[in-house]
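Only one structure is covered here, and it is reproduced in the block below.
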Amino acid sequence: MPIVGVKDTRKQQLIDATMASIAELGMQNTTIVSISKRAGMSSGIISHYFGGKQGLIEAALRYLLDQLGQELRERMAKTDGSPEQRLNCIIESNFSEFQRSALAAKTWLSFWARSMHEPGLKRLQQINNARLYSNLRYSFAQGLPPAQATAAARQTAAMIDGFWLRSALSLDPAESFEAGERLCKQFVHQTLASAGAENSSN
3 MPIVGVKDTR
13 KQQLIDATMA
23 SIAELGMQNT
33 TIVSISKRAG
43 MSSGIISHYF
53 GGKQGLIEAA
63 LRYLLDQLGQ
73 ELRERMAKTD
83 GSPEQRLNCI
93 IESNFSEFQR
103 SALAAKTWLS
113 FWARSMHEPG
123 LKRLQQINNA
133 RLYSNLRYSF
143 AQGLPPAQAT
153 AAARQTAAMI
163 DGFWLRSALS
173 LDPAESFEAG
183 ERLCKQFVHQ
193 TLASAGAENS
203 SN
């Protein structure tokens, strides 16, 4: 395997090991040693590739964000581009099988808690929030006036985050995630349908 391929493979193995350690031990108890043991690599490799534990943790969060973006692009490519289909794709991406998995869910929860104290994680979380709102706002704007699109985007973003969080902490996550996704889609459909009915009556 070329050197670049080996490097990328090792970095991904370390990211996977980081998420596994966070899911099992929590972020506070995750250490370079716990990560390197799971990855089957020396501790020095982490410093070589990521500069230390914090750099690796931020890389793991970027990986989750990249997965979210990739899932959204793949879904968008299969739609006709209508506002409701675009919005459903955004919702489905946030409630995808990967994003609702125990590994991803525990990692996200740890990141959210730590982002209040870690500037690097907070910045990445703010990027994620802004990206979600921007995608929702753009899609709603295709069928709603500007002010309504803004309000609908904020409400939908809050619903996605709220239902996702409640589902991740639920005693029955699978059912809760499905219900959360369904309710978010219902809100989108009703919001766009109401706007369409209002336009027809004018």
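Under this note's numbering, think of the first position of the sequence shown as 3, with each following residue one higher.
A virtual CB, placed ideally from N, CA and C, is assigned to each residue, including glycine.
So, is the C-beta of Glu177 closer than 9 angstroms to a C-beta in chain B?
Among the protein chains of the structure shown there is no chain B, as only one such chain exists.
Would Leu138 and Ala115 be called neighbours here (beta carbons separated by less than 9 angstroms)?
Not a contact, by the Cβ cut-off of 9 angstroms.
Please report the straight-line C-alpha distance between Glu207 and Gln144, rounded to a whole angstrom.
Since the first and last residues shown for the chain are 3 and 204, residue 207 lies out of range.
Are the beta-carbon atoms belonging to Gln101 and Glu73 less than 9 angstroms from one another?
Cβ atoms of Gln101 and Glu73: closer than 9 angstroms.
Is the CB-CB distance between Leu194 and Glu94 below 9 angstroms?
Against a cut-off of 9 angstroms, the Cβ pair of Glu94 and Leu194 comes out as no contact.
Three-state secondary structure (DSSP) at Asn130?
Residue state, collapsed to three classes: helix.
Skipping 5 residues on each side, what residues in its chain have a beta carbon closer than 7 angstroms to that of Leu171?
Same-chain partners within the cutoff: there are none.
Within the same chain, show all residues whose beta-carbon is closer than 8 angstroms to that of Lys55, passing over the 5 residues directly before and after it, in chain order.
These residues qualify, in order along the chain: Thr32, Thr33, Ile34, Ile37, Ile48.
For a test of the three-state rule: what should DSSP assign to Ser23, helix, strand or coil?
DSSP places Ser23 in helix when its eight states are reduced to three.
Could you check what DSSP says for Asp82 in three-state terms: helix, strand or coil?
Residue state, collapsed to three classes: coil.
Secondary structure at Gln188, three-state DSSP: helix, strand or coil?
In this structure, Gln188 counts as helix in the three-state DSSP scheme.
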